[in-house]
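Here is the structure we will look at.
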């Protein structure tokens, strides 16, 4: 109990509150800019968190992520250009409302739905993560190895149309994660006599390169080809009823909002599905259950409530597999996992024993971030709408320069800048060839833990090949892993016929 | 070049990379087996082998489809219209010269910082990258460059207390 109170008090310390507030504000601003999303923002700002305490850093990044999720709705509603895939469904009804001069009303609905979905999801996380983690503590190295293997195969489907290419990307991530000092012999492995690689390839330059730099390269390419102009008109009507969201309108969408939240929590708690799935599922259900399905896509507030409540509910729910099993379910959580590791913590069930105060502090920050999101969104809506109008010719050169100096900032090392440029180029080709950089990054982050579990299994079992048969949970998980791989191969063969 | 031709070349390069890793890099740059636990080469070998096997399967699939005159699904054989892709990936043609035009200033920045210091190298980089993307005015690029370089200088030096890279004038 003392730990809980101490953790919650930490989360409302002035320093922590300030950084969560700044995180949410920057997140909304960044999310509102088309082409920039939450994970990208986290990658760009992780170097800055090196100089913060663990709770402040995590609180700041959580705020950034929550803010960016709502920010994505701003460009979706105003420009029909969702910055993130999960905001696509928001654009379907949000943009028609903007065309009718009801952009502000649509954004208010998006904000209230986001906050409601987020608060309920956070409550569920707080209620179930610790008890589930206590159960997960009974898992040994065999179960952990099998679980990570399963997660890698399931996650391979994110961000690509081909699970096969996802598996290849995850495998490459594992291979890159092997660079550095080998844990058993403590000798350098795959360092090619480059001494800077002795400590391994660092997460920050890899993440900035893959997430931010490669995206900006592609955005710059588009500017050169077409030129990008953003022109927002007719957002704020003079009529009050077009701008404000009445209680009647909000309550009218409450059922849809709660359903969307439930879908978001369910999807978020399962590794590999992610916010876009939740958003589209929720929108689909809202349309099917509506008395006026023909009005969806033409500016119905329920459509926005369905999409935004579901994708925001994923944010907190996707922390459940991270806190309970140490498995990141999506890209944003993988980046948060990296931030935990940078601050000396290994996410997983042991965190509730080893860093209990911090964990309750993180819970507190999650709640605080939701409150700040409501306040910042409510009073800063017009300001954030201006963000979509920043010319790309100014924005992208600044971001590309920030990527370069951000990579340097983490360790004051120009070698990290070179690594970032290499992975930025790799990310560019991965995007162009439909290889999942998400699977790559998650494979890279999980590689050391996966190998550690494998080494423990081999050493404990003394090469007993029946090790997994003796552990039923591990056996089921391994069977599921092989099933996923076999199904992938079978689907590939079937698609030829 | 069609998408299938491009992808075939890419997969052939991936196969060559995997063979190089398995035959040369992993054996030469991995510690010897210490006599207990799993071999340090196990995970690298397994992960690279997965990539190799999957690449070969794709090449075989493409080859047999071609021999039998069967068309691959449009999602595998055609480029989507530019900007029409959704999700995380942006499948499309590689614009190599454009990529180089962005990467060369970045590489020159990394080299230049060591020789002329952060401020001049960064200013030149910002001006160059804005020129490359098509900005042909004078005032805007100068303001953007000075502001971005100046803000990051202040953040690094006074905000985080990090040494600014390269030789310093002051």
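Chains as they are written, first to last, in the working numbering: chain A, 1 to 497; chain B, 498 to 667.
Glycine residues also receive a C-beta, built at the ideal position from the N, C-alpha and C atoms.
All figures in this text were calculated on a predicted structure; none of them were measured in a lab.
Taking the C-beta atoms as reference points, residue 550/B is found no nearer than 8 Å to residue 174/A. Given a length threshold of 4 residues, each whole run of the alpha helix (DSSP H) inside the region 122-190 of chain A is given here in chain order: 141-155, 163-177. Rounded to whole angstroms, the gap between the alpha carbons of residue 447/A and residue 517/B is 22 Å.
The residues 101, 102, 105, in chain order, have a CB closer than 7 Å to that of residue 242/A in the same chain once the five nearest residues on each side in sequence are set aside. Against chain A, the CB of residue 617/B has no partner CB under 8 Å away; the residue lies outside that interface.
In the three-state scheme derived from DSSP, where H, G and I count as helix and E and B as strand, residue 102/A is classed as strand.
One finds 51, 409 in chain A with Cβ atoms closer than 7 Å to the Cβ of residue 657/B, taken in chain order. Ranked by Cα distance from residue 248/A, the options 445/A, 109/A, 423/A are led by 109/A. Nearest neighbour of residue 169/A by Cα position, chosen from 430/A, 485/A, 486/A, 355/A, turns out to be 430/A. Under the Cβ distance rule, residue 379/A does not count among the residues neighbouring chain B, no pair being separated by less than 8 Å.
The CB of residue 167/A comes closer than 8 Å to the CB of 547, 551 in chain B, given here in chain order. Close partners of residue 517/B in chain A (Cβ separation under 9 Å) are lacking, with about 12 Å as the shortest Cβ gap. With a threshold of 8 Å between beta carbons, residue 635/B makes no contact with chain A. In the three-state DSSP reduction, residue 630/B falls in the coil class, being neither helix nor strand. Contact with chain B is found for residue 393/A, since one of that chain's Cβ atoms lies less than 8 Å from the residue's Cβ. If you check the CB distance, residue 469/A and residue 475/A come in under 8 Å.
Not a single CB atom of chain B sits nearer than 8 Å to the CB of residue 77/A. By the 16-neighbour rule on beta-carbons within 10 angstroms, residue 15/A is exposed. The residue from 282/A, 197/A, 128/A, 394/A with its alpha-carbon nearest to that of residue 316/A is 128/A. Interface criterion met: the Cβ of residue 527/B is under 8 Å from a Cβ in chain A.
Along the length of the region 303-329 of chain A, whole alpha helix (DSSP H) runs at least 4 residues long occupy 319-325, reported in chain order. A direct Cα-to-Cα measurement between residue 436/A and residue 156/A gives close to 7 Å.
Rounded to the nearest angstrom, the Cβ distance from residue 345/A to residue 54/A is 7 Å, consistent with a contact under 8 Å.
The count of Cβ pairs closer than 8 Å, one atom from the region 324-335 of chain A and one from the region 144-156 of chain A, reaches three, so the stretches are in contact.
The region 413-428 of chain A and the region 503-511 of chain B do not touch, with fewer than three beta-carbon pairs separated by less than 8 Å. Residue burial annotation: residue 525/B is exposed, with fewer than 16 other C-beta atoms found within 10 angstroms of its C-beta.
Here residue 66/A is buried: its Cβ has 16 or more other Cβ atoms, across all protein chains shown, within 10 Å.
Taking the C-beta atoms as reference points, residue 203/A is found nearer than 8 Å to residue 445/A. Around residue 181/A, the same chain offers 187, 188, 189, 198, 199, 200 as residues with beta carbons nearer than 8 Å, after the five sequence neighbours per side are excluded. For residue 397/A, the nearest CB of chain B lies under 8 Å from its own CB, placing it at the interface with that chain. Under the three-state reduction of DSSP output, residue 291/A falls in the coil class, being neither helix nor strand. Taking the beta carbon of residue 522/B as reference, the chain A residues within 9 Å of it are 190, 192, listed in sequence order. Counting along the chain, the unbroken alpha helix (DSSP H) around residue 331/A starts and ends at 331-342. A residue is called buried when at least 16 other Cβ atoms come within 10 angstroms of its Cβ; residue 482/A does not meet this threshold and is exposed. Contact of residue 220/A with chain B by beta-carbon distance below 7 Å involves 599, 630.
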